[in-house]
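Asker: Sequential numbering of the sequence shown, starting at 1, is according to our numbering. First, the structure itself, so that you have it in front of you.
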Amino acid sequence: MAIDRQVTEGEEPVSPFARLFSLPGLDVFNIVTIGFKTETNPPIVVEGLKNTLINHPRFSSILVTGHGEHKRKAKWIPTKVIVEEHIIVPDIDPNIENPDEFLEDYTSKMALSPMDMSKPLWEFHLLKLKTSHAESVVVARFHHSLGDGMSLMSLLLACTRKTCDPEALPTFVAPKKNKAKNVCFALVAWLWFIVRFMFHTCVEVIKSMVFICCARDTSAHIMGKPGATLGNNKFIHQIISLDDVKMVKNAMNMTINDVLVGMVQAGLSRYLNERYDLEDKLHFHGVVFFNLRPNRNIEELANMMAKGSKCRWGNSIGYVLIPLDMKSNDDVFEYVRQSKTIMDRKKHSLEPLFSHVLLKLTLEVFGFKALETLIKRIFGSTTMIFTNVVGPAEEISFFGHVISYIAASTFGVPQGLIIGTQSYVDKLIINIGVDVDVIPDPHHLRDLIIEALHMMKSAVVPQTTFHASEV
Numbered sequence: 001m002a003i004d005r006q007v008t009e010g011e012e013p014v015s016p017f018a019r020l021f022s023l024p025g026l027d028v029f030n031i032v033t034i035g036f037k038t039e040t041n042p043p044i045v046v047e048g049l050k051n052t053l054i055n056h057p058r059f060s061s062i063l064v065t066g067h068g069e070h071k072r073k074a075k076w077i078p079t080k081v082i083v084e085e086h087i088i089v090p091d092i093d094p095n096i097e098n099p100d101e102f103l104e105d106y107t108s109k110m111a112l113s114p115m116d117m118s119k120p121l122w123e124f125h126l127l128k129l130k131t132s133h134a135e136s137v138v139v140a141r142f143h144h145s146l147g148d149g150m151s152l153m154s155l156l157l158a159c160t161r162k163t164c165d166p167e168a169l170p171t172f173v174a175p176k177k178n179k180a181k182n183v184c185f186a187l188v189a190w191l192w193f194i195v196r197f198m199f200h201t202c203v204e205v206i207k208s209m210v211f212i213c214c215a216r217d218t219s220a221h222i223m224g225k226p227g228a229t230l231g232n233n234k235f236i237h238q239i240i241s242l243d244d245v246k247m248v249k250n251a252m253n254m255t256i257n258d259v260l261v262g263m264v265q266a267g268l269s270r271y272l273n274e275r276y277d278l279e280d281k282l283h284f285h286g287v288v289f290f291n292l293r294p295n296r297n298i299e300e301l302a303n304m305m306a307k308g309s310k311c312r313w314g315n316s317i318g319y320v321l322i323p324l325d326m327k328s329n330d331d332v333f334e335y336v337r338q339s340k341t342i343m344d345r346k347k348h349s350l351e352p353l354f355s356h357v358l359l360k361l362t363l364e365v366f367g368f369k370a371l372e373t374l375i376k377r378i379f380g381s382t383t384m385i386f387t388n389v390v391g392p393a394e395e396i397s398f399f400g401h402v403i404s405y406i407a408a409s410t411f412g413v414p415q416g417l418i419i420g421t422q423s424y425v426d427k428l429i430i431n432i433g434v435d436v437d438v439i440p441d442p443h444h445l446r447d448l449i450i451e452a453l454h455m456m457k458s459a460v461v462p463q464t465t466f467h468a469s470e471v
């Protein structure tokens, strides 16, 4: 009742996807772990958030979804934010025996704890905890109704500044520009690209629809429990060298994403074969998300918090379904080649846009209940989620706290395995979220994924040395 009496000026309608992510049993959260090189100063963090994050409309509003027939009137209602109520500083024993394990357990318990819907749906936990990779840690939790993972991560990074220039926003690796080509050759290449693009779009969209309508992953080895989004979950992360991944990428003339998907497939294949001694090849499907937002400029988000802007916000993502063959390959590079073949087809198609439009049309034509059913069908029929986020290329600080690493994950989806990767300067952070009833030893799976990279690196180093000696 107190919420209903609030001022209606500035109210915004709730998008269909925000309503979907806030349904009972479908509450989805984004969990972001940030390691600092210094001890956290809570008052400075509070003051920093007051000057940045709460100026964003979604972070200073309450989500009111209504009940029954009033669901159509769901709104974001502006409210006065008391930042201190969103900052949690737990009392932690400074002499704790295993801080890394404590962080994993804390993050897992935090993900399972309910969020107070009478306040804006975000919180920061400041842990005075020295781990293997940080002097202190912040774990932030955002309700997915606030926006998709790319939006939330970009907004969070818009609150940071370069350590070498405290007034400058983070910079990211710029995409390489295509070299000038002969006009005739460029025309032929463009026409060939259009033909391939149309072909891949038709094939991949049809395959996606057939899977959604008629099939699902059936193996009990790694599938999450039907309809389950809250379970015995655990989040772990590991930091590896980004240069190692780049070495393999350059040697194979592929992308970093190709190598990462290949690593995951190689490690998961070996994990399943070791654990279950599989005789037959298993077929799974993973969900990979694509950002559909045309404007990814971090300056726009910084301006949004400073003075308001027209930067596009919300859940604006598409997905693709990628087949994963769990088989033993003597050649570890075969996993990367297979990943590249699949991802090239997906990237050279309109499947990500089609998936986004499919969800919107389902809502407009058949209603909200049909959209809920479709979402549960898609994510309840697949095995895992994979995400890859490109982070800052230079060291940054969060309200004066120099960042050591950033690890992000999602919680509340029915898959038993979620793997996310995040680059930061010369590091690559692998974040794994599992349902331990499905994967009881996630650390072993993590080790096998990293070992796959080491095997690739060991194989390409002799080749690199050989070519260098020929020059």
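Every residue, glycine too, gets a C-beta built ideally from N, C-alpha and C.
In the DSSP assignment, the alpha helix (DSSP H) including residue 141 goes from what residue to what residue?
Answerer: Taken as a continuous stretch (DSSP letters only), residue 141 belongs to no alpha helix (DSSP H), being part of the beta strand (DSSP E) at 136 to 143.
Asker: If I measure Cβ to Cβ from residue 434 and keep anything under 6 Å in the same chain, skipping five residues before and after, which residues do I get?
Answerer: 234, 417 and 442.
Asker: What are the boundary residues of the alpha helix (DSSP H) that includes residue 404?
Answerer: Note, residue 404: premise wrong, no alpha helix (DSSP H); beta strand (DSSP E) at 401 to 411.
Asker: On the CB-based measure, 16 or more other CB atoms within 10 Å of its CB, does residue 203 come out buried or exposed?
Answerer: Its Cβ having fewer than 16 others within 10 Å, residue 203 is exposed.
Asker: Spatial neighbours of residue 257 within its chain, please: CB distance less than 7 Å, with the 5 preceding and 5 following residues excluded, ordered by chain position.
Answerer: Cβ neighbours of residue 257 beyond the five flanking positions: 343 and 388.
Asker: Judging by CA-CA distance, which residue of 445, 322 and 352 is the nearest neighbour of residue 290?
Answerer: Nearest C-alpha to residue 290: 352.
Asker: Could you give the uninterrupted runs of the alpha helix (DSSP H) lying entirely in the segment 310 to 357, keeping only those of 4 residues or more?
Answerer: Segments of the alpha helix (DSSP H) lying fully in the segment 310 to 357: 333 to 347.
Asker: Quick one, are the C-beta atoms of residue 543 and residue 125 less than 7 Å apart?
Answerer: Only positions 1 to 471 of the chain appear in this structure, which leaves residue 543 out of reach.
Asker: What is the DSSP secondary structure of residue 238, reduced to helix, strand or coil?
Answerer: Looking at residue 238 - three-state DSSP - the assignment turns out to be strand.
Asker: Assess contact between the segment 364 to 380 and the segment 128 to 138, defined as three or more Cβ pairs (one per stretch) separated by less than 8 Å. Is contact present?
Answerer: No, they do not touch.
Asker: Extract the residue ranges of the beta strand (DSSP E) inside the segment 71 to 106, only unbroken runs of 3 or more that lie entirely within it.
Answerer: As far as the segment 71 to 106 is concerned, its whole beta strand (DSSP E) runs of at least 3 residues are 75 to 78.
Asker: Could you check the C-alpha separation between residue 139 and residue 127 for me, to the nearest Å?
Answerer: The alpha-carbon atoms of residue 139 and residue 127 are separated by roughly 8 Å.
Asker: Helix, strand or coil for residue 396? Go by DSSP, reduced to three states.
Answerer: Of the three classes helix, strand and coil, the one that applies to residue 396 here is strand, per DSSP.
Asker: Should residue 31 and residue 411 be called a contact, given that it needs their Cβ atoms to be closer than 7 Å?
Answerer: Taking 7 Å as the Cβ cut-off, residue 31 and residue 411 qualify as a contacting pair.
Asker: Please report the residue range of the beta strand (DSSP E) in which residue 35 lies.
Answerer: Residues 29 to 36.
Asker: Quick test of your reading: residue 248 and residue 259, contact by CB under 8 Å. State the CB separation rounded to the nearest angstrom.
Answerer: Right, their Cβ atoms sit about 5 Å apart.
Asker: Given a threshold of 16 other Cβ atoms within 10 Å of its Cβ, counted over all protein chains shown, does residue 336 qualify as buried or as exposed?
Answerer: Result: buried.
Asker: Helix, strand or coil: which one does DSSP assign to residue 417?
Answerer: DSSP places residue 417 in strand when its eight states are reduced to three.
Asker: Would you decide whether residue 104 is buried or exposed? Buried here means 16 or more other CB atoms lie within 10 Å of its CB.
Answerer: With 16 or more other Cβ atoms within 10 Å, it is buried.
Asker: What did DSSP end up calling residue 68 once you bin it into helix, strand or coil?
Answerer: Unreliable placement is indicated for residue 68, whose pLDDT of 48 sits below 50; the coordinate value is still reported in the next sentence. Helix, per DSSP.
Asker: Could you have a look at residue 387 and say whether DSSP puts it in helix, strand or coil?
Answerer: Of the three classes helix, strand and coil, the one that applies to residue 387 here is strand, per DSSP.
Asker: Who pairs with residue 61 in a beta bridge, going by DSSP?
Answerer: DSSP output for residue 61 lists 78 as bridge partner(s).
Asker: Measure the CB-CB distance between residue 77 and residue 64 and report whether it falls below 7 Å.
Answerer: Their beta carbons are under 7 Å apart, which means residue 77 touches residue 64 by this criterion.
Asker: Suppose contacts are defined by Cβ-Cβ distances below 7 Å. Is residue 58 in contact with residue 146 by that definition?
Answerer: In this structure, residue 146 lies closer than 7 Å to residue 58 by Cβ.
Asker: When you compare the CB positions of residue 271 and residue 121, do they come within less than 7 Å of one another, or not?
Answerer: Going by C-beta atoms, residue 271 is not nearer than 7 Å to residue 121.
Asker: Is the segment 239 to 246 close to the segment 422 to 433, with three or more CB pairs under 8 Å?
Answerer: The answer is yes - the segment 422 to 433 touches the segment 239 to 246, with three or more Cβ pairs under 8 Å.
Asker: So, residue 36 versus residue 135, is the Cβ gap smaller than 7 Å?
Answerer: Contact flag set, yes.
Asker: Please determine, among 398, 401, 100 and 420, the residue with the shortest C-alpha to C-alpha distance to residue 408.
Answerer: Among 398, 401, 100 and 420, the Cα nearest to that of residue 408 belongs to 420.
Asker: For residue 457 and residue 245, what's the separation of their Cα atoms in angstroms?
Answerer: So the alpha carbons of these two residues sit roughly 8 Å apart.
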